[in-house]
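S.K.: So the sequence shown is numbered by the working numbering: it starts at 65 and just counts up by one.
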Amino acid sequence: MNKTRPSFRNLLTNKWTVISSLSTLTFFIILSNLLINRSFIDEITAIIDEELGGRLGLIATKIAENIEYDIVLENLPSSFETLSPNDLIFMNGILETEQRQNDLQAIAIVDRHFRTIISYPAIYLRGEPVTHLASDSLIFGKALQGTTAISKMYSVSDNYFKTAYAPLKNEFGTIIGVVIVDASARHFNTIRGFQRSLNWGLLFTFLIFLIAIAFIYWVVTQYTQLHLSVQRNQRLASMGQMAATVAHEIRNPLGIIKSTAEVIKSRYEKENRADELIDFIPAEVDRLNRLITDFLTFARDRELQLQKTDFHASIEKIVHVLQQDYQDEAIKIQLETAFDGLNVEHDLDGIKQVMINLIQNAAQAMENKGIISVSLDVISKWGKRYVRIQVGDSGPGIAEPERIFEPFFTTKTSGSGLGLAVTQQIILKHQGRIDVENKPEGGAVFTITLPVAQ
Numbered sequence: 065m066n067k068t069r070p071s072f073r074n075l076l077t078n079k080w081t082v083i084s085s086l087s088t089l090t091f092f093i094i095l096s097n098l099l100i101n102r103s104f105i106d107e108i109t110a111i112i113d114e115e116l117g118g119r120l121g122l123i124a125t126k127i128a129e130n131i132e133y134d135i136v137l138e139n140l141p142s143s144f145e146t147l148s149p150n151d152l153i154f155m156n157g158i159l160e161t162e163q164r165q166n167d168l169q170a171i172a173i174v175d176r177h178f179r180t181i182i183s184y185p186a187i188y189l190r191g192e193p194v195t196h197l198a199s200d201s202l203i204f205g206k207a208l209q210g211t212t213a214i215s216k217m218y219s220v221s222d223n224y225f226k227t228a229y230a231p232l233k234n235e236f237g238t239i240i241g242v243v244i245v246d247a248s249a250r251h252f253n254t255i256r257g258f259q260r261s262l263n264w265g266l267l268f269t270f271l272i273f274l275i276a277i278a279f280i281y282w283v284v285t286q287y288t289q290l291h292l293s294v295q296r297n298q299r300l301a302s303m304g305q306m307a308a309t310v311a312h313e314i315r316n317p318l319g320i321i322k323s324t325a326e327v328i329k330s331r332y333e334k335e336n337r338a339d340e341l342i343d344f345i346p347a348e349v350d351r352l353n354r355l356i357t358d359f360l361t362f363a364r365d366r367e368l369q370l371q372k373t374d375f376h377a378s379i380e381k382i383v384h385v386l387q388q389d390y391q392d393e394a395i396k397i398q399l400e401t402a403f404d405g406l407n408v409e410h411d412l413d414g415i416k417q418v419m420i421n422l423i424q425n426a427a428q429a430m431e432n433k434g435i436i437s438v439s440l441d442v443i444s445k446w447g448k449r450y451v452r453i454q455v456g457d458s459g460p461g462i463a464e465p466e467r468i469f470e471p472f473f474t475t476k477t478s479g480s481g482l483g484l485a486v487t488q489q490i491i492l493k494h495q496g497r498i499d500v501e502n503k504p505e506g507g508a509v510f511t512i513t514l515p516v517a518q
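1) For the alpha helix (DSSP H) containing Pro231, name the first residue and the last one.
2) Roughly how many angstroms separate the alpha carbons of Gly157 and Gln259, rounded to a whole number?
3) Please determine, among Val418, Val310, Thr288, the residue with the shortest C-alpha to C-alpha distance to Ser378.
4) Would you list, in sequence order, the uninterrupted alpha helix (DSSP H) runs of no fewer than 4 residues that lie entirely inside the region 403 to 475?
5) Could you check where the beta strand (DSSP E) with Ile244 kicks off and where it finishes?
6) Terminal residues of the continuous beta strand (DSSP E) containing Asp374?
7) Locate the alpha helix (DSSP H) running through Glu162, then write down its first and last residues.
8) In the DSSP assignment, what residue or residues form a beta bridge with Val509?
9) What I want to know is whether the C-beta of Gln391 ends up closer than 6 Å to one or more non-hydrogen atoms of the ligand ZN.
10) Between Leu159 and Ile182, how many whole angstroms is the CB-CB distance? I'm expecting something under 8 Å.
11) Residue ranges of each beta strand (DSSP E) run of no fewer than 3 residues wholly in the region 188 to 216, ordered along the chain?
12) Report all residues from its chain with a CB closer than 6 Å to the CB of Pro141; omit the five preceding and five following residues, and keep chain order.
13) Quick one: what does DSSP say Gln391 is sitting in, helix, strand or coil?
14) Rounded to whole angstroms, what's the CA-CA distance from His196 to Trp264? Just pull it up for me.
15) Looking at the secondary structure, which residues open and close the alpha helix (DSSP H) in which Leu492 lies?
16) Under 7 Å, do Ala228 and Leu120 count as touching if we go by C-beta distance?
17) Keeping to the same chain, check which residues put their C-beta closer than 8 Å to that of Gln371; ignore five residues upstream and five downstream.
18) By how many angstroms is the C-alpha of Ile314 removed from the C-alpha of Thr561?
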């Protein structure tokens, strides 16, 4: 059981693998459902097509027989050229009666050359060719050979059509025309209803698919974030305990080393034997102390005390202190603000540490000479207001900006690689974000965005 747990956890950690797998499974389930529905509709359509075709064939044959018995045996000549007005009126009455009783779209009688003899409703004029019969020429030909024929059901612009053709004979048994019966559009309402249901089902299924994907993504993301957060907290807890122990064990001897170096330096100065090498000892001790402080800060991951106060005043105060710190060096810190008196929930000590880290990095990148620009303004994103702080320098830029916030990653020979990791940690606890990019004209700029208090 223990052997399978790590592999399962690794699988869940790789959320894209999980999302792809579950999405594929969901897609195939939905696709199978659609294929089943499509098959069902095709089956229903085939049944309707067969039953409607048989019914239309019987109606067409009946109309032809009625005309033959009532008109042809007594009055119908060998062609339609000499039909009397009374014959046409009588035939029109037959067509009207059959059209209404059988709920038909239209009935027409044409000669062997597709020319209209009579139609009801009168959609074709007498003698006008029915051009669309050319597409059914094979079926029309069967009717001319004496067999009632049915066309296949087809659709044009979401309208369905089905037609029956029955031969019409004169008193000598010669086929002189064809009775054409078109099914009413109402007969296809069932098919259209199923088709619309399928289309709506397709749309609904697609929406369900998107919702399912979003839900799967959210669940897996929540799990991975929780899993990584637990791992990170466990790691930080261990690091914090170790850091506290190591810091205590290291700082004691460092304090002794620094004190001893100062005593030695004072003795050398009394004997006029000052040595510059001795000055390096306290400086290196201070550097080690800073490294230990960075490590402790990152490992302990302390909770911030967020207070809704004037953010402009906080930044102005922090920058003023830093300007004083760098006044003896060739570093100039410029502050530009586009607002004042804006309340933002922030931890003053945390923001101070962020600004110190960014400005120290900028100063080191410019080798302690140049201008560091700090700007403060308000932006809007997705209907929310954010305060934006930008810290830019005129140094050489950052070689690997995508890795700059990784713990222990540094491009400096004497850096700990924790300063910017701590900076990002603090900003994230403010529900904000920090980004970095190289400027086209040279140098780098760090951009921090924090939500404005509502």
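Where is the CB? At the ideal position from N, CA and C, for every residue including glycine.
M.R.: According to the data block:
1) Pro231 -> not in any alpha helix (DSSP H); beta strand (DSSP E) instead, spanning 227 to 233.
2) 37 Å
3) If we check each option's Cα against that of Ser378, Val418 comes out closest.
4) Qualifying alpha helix (DSSP H) stretches, in chain order: 412 to 429.
5) 239 to 247
6) Boundaries of the beta strand (DSSP E) harbouring Asp374: 371 to 374, taken from the DSSP string.
7) 149 to 165
8) Gly456, Glu501
9) Ligands displayed in this structure: none; no statement on the ligand ZN is therefore possible.
10) 7 Å
11) none
12) Note that Pro141 scores a pLDDT of 46, beneath 50, so its modelled location is shaky and nothing firm can be said.
13) Three-state result, Gln391: coil.
14) 33 Å
15) In the DSSP assignment, Leu492 falls within the alpha helix (DSSP H) that extends over 483 to 493.
16) yes
17) Glu409, His410, Asp411, Leu412
18) The requested residue 561 does not occur in the structure, where the chain is confined to residues 65 to 518.
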